[in-house]
Amino acid sequence: MEEKTLKTYVKGMYCVQCPELIICTLLQLRGVIDADVEYFKSLVTVRFDPDIVTEAQIFAALDDAGYPPFERRPSITERLAAKLAHAFDRPTGRAK
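Using the numbering used here, read the sequence shown as starting at 560 and increasing by one per residue.
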């Protein structure tokens, strides 16, 4: 059995019962091995067998349950930190 892990962000989590509903929804899908939800990050992690269930089916189950998945864009702070790190990694061209 091949195992794969999928991480996705979801919209629509507004109470502490939402993660439990998401986990129950996902575990009802044949081929889903395990599911975890990080409430404050709106992050869902799913371990599954890709020979039995597809990523598209997992996304559809989340959407049908009222938690549409989305791709999280880096925050402005994360983007600036990445730019600064990149800037300091560049050679300056100065003689040592």
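For glycine and all other residues, C-beta sits at the position ideal for the given N, C-alpha and C.
Identity of the residues DSSP links to residue i by a beta bridge
i	result
Asp595	Thr604
Pro628	Val569
Best match in the options for proximity to residue i [C-alpha to C-alpha]
i	options	result
Phe629	Lys563, Glu561, Val569, Leu565	Val569
Gln587	Thr564, Glu561, Ala624, Met572	Ala624
Pro627	Cys577, Thr564, Lys563	Cys577
Terminal residues of the alpha helix (DSSP H) in which residue i lies
i	result
Lys642	635-648
Leu585	577-586
Ile617	614-623
Span of the beta strand (DSSP E) around residue i
i	result
Tyr568	563-569
Outcome for residue i when other beta-carbon atoms lying within 10 angstroms are tallied against a minimum of 16
i	result
Thr636	exposed
Thr567	buried
Leu621	buried
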